[in-house]
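Structure first, commentary second.
Residue numbers (my numbering): 14 to 236.
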């Protein structure tokens, strides 16, 4: 399969583009690029494929800008610079740089769930709240009442999102899982990490499936 015509590749932070290919314009941007840095890039897209070379946090920053510009129809390829990328694991993307670039340039876009939160952010890989004490629902299912070591959320290809509540005690590690369209948490103030980026969370937090999918370039469409 040939490289998609008119492809723009963003190298975020200290990432380096791993492949030479005709028709690819490589643009260096900062880590987790913001609106001002990406404004000119988005204006140039005009139907081009956009490839992000960086971390899951870099990908989330770019996707957020596409969301706010109402440009989620753009095909997005991803070349992870971290071998432990959650996005790569979720959607069976290679992490070896040359192989990842090959898929990003030559693969086909497939819709995958995009998660949003009530603070205006997006989640493309893993969200973690830890430690957590409070009450959490996944849709109408009670998944937490009391204390847990951590609450994890990832996109899920069938329902939208998957939530895991992890408890550790004398009997070892226990995990409760549920899938749905949204998870709502009311808790004591604690820390939340979105795609590797920490921030403080208020006493309420929600992740939910966006009405529009992310067109992620993949080698195949199996979960």
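Quick reminder that beta carbons are idealized off the backbone N, C-alpha and C, glycines included.
Just so you know, these numbers come straight off a predicted model, no measurement behind them.
Restricting attention to beta strand (DSSP E) runs no shorter than 3 residues, the stretch 109-181 encloses them at 121-125, 128-130, 140-143, 145-151, 154-161, 163-169, ordered along the chain. Closest option to residue 29, judged by alpha-carbon separation, among 19, 139, 43: 43. Across the structure, residue 26 and residue 174 are spaced so that their CA atoms are roughly 29 angstroms apart. DSSP places residue 102 inside the alpha helix (DSSP H), whose first and last residues are 99-103.
Residue 218 is bridged by DSSP to 198. If you compare the alpha carbons of 45, 209, 89, 211 with that of residue 60, the shortest gap goes to 89. Within the same chain, and ignoring the five residues on either side of residue 190 in sequence, the residues whose Cβ sits closer than 6 angstroms to its Cβ are 177.
Assigned with DSSP and collapsed to three states, residue 227 falls in strand. The residue among 32, 36, 225 with its C-alpha nearest the C-alpha of residue 92 is 32.
For residue 63, no alpha helix (DSSP H) segment is defined; the enclosing uninterrupted segment is the beta strand (DSSP E) at 62-67.
Shown here for residue 212: same chain residues with a beta carbon closer than 7 angstroms to its own, the five before and five after excluded, namely 205 in chain order. Residue pairing by DSSP places residue 205 opposite 142, 212 in a beta bridge.
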